Amino acid sequence: MTTHNQEAYRALRAYLTHLLTDPRDTALENIPAPLRASVEAFLLGKTVYHDAADRPVIYAHDLAAWAHQVVHMSGLEYPVSLATVDINSLRQAMAA
Numbered sequence: 001m002t003t004h005n006q007e008a009y010r011a012l013r014a015y016l017t018h019l020l021t022d023p024r025d026t027a028l029e030n031i032p033a034p035l036r037a038s039v040e041a042f043l044l045g046k047t048v049y050h051d052a053a054d055r056p057v058i059y060a061h062d063l064a065a066w067a068h069q070v071v072h073m074s075g076l077e078y079p080v081s082l083a084t085v086d087i088n089s090l091r092q093a094m095a096a
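Given below as structure tokens:
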């Protein structure tokens with residue numbers, strides 16, 4: 001495994017762990033691109049609201065449930081190429 005892939009894997013794990021405890025709702029567009037399709041699939045049938053800019057926003061408890069499923073139950077339903085993971089965007093998503 002390359003150094004980038006190792007760092008990308010650690011960043012993905014840190015991001016998912018962060019979502020398990022982050023109490024803030026999040027705009028869908030702020031979910032890192034490699035994970036967005038998985039989150040959207042998980043949200044089918046769940047409540048999403050829109051902010052003042054009409055952006056879809058996901059409840060924090062739904063994101064935590066998705067992260068729990070990915071980490072502890074089913075994993076991602078599609079493979080994520082670690083080589084394409086933007087580590088900085090994951091770090092920014094956790095800081096936001």
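Quick note on numbering: the UniProt record's numbering labels position 79 of the sequence shown as 79, and the sequence is numbered without any gaps.
A virtual CB, placed ideally from N, CA and C, is assigned to each residue, including glycine.
It should be emphasised that the depicted structure is a prediction, and the values quoted were computed from it without experimental measurement.
{"Query": "Residue 101 - DSSP class collapsed to helix/strand/coil", "Result": "Past the edges of the chain, shown from 1 to 96, lies residue 101, and the structure says nothing about it."}
{"Query": "Euclidean distance between Cα positions of T3 and T47", "Result": "39 angstroms"}
{"Query": "Best match in Y59, P32, H50 and D51 for proximity to L43 [C-alpha to C-alpha]", "Result": "Y59"}
{"Query": "Check whether P32 and S89 have beta carbons under 7 angstroms apart", "Result": "yes"}
{"Query": "Identity of the residue in T21, E7, E29 and L76 nearest A53 by Cα", "Result": "E29"}
{"Query": "From T84, Q69, Y9 and H50, residue whose alpha carbon lies closest to that of A41", "Result": "Q69"}
{"Query": "Per-residue burial, P34 [other beta carbons within 10 Å of its own, 16 or more giving buried]", "Result": "buried"}
{"Query": "Proximity of A96 and R55 at Cβ, strictly below 7 angstroms", "Result": "no"}
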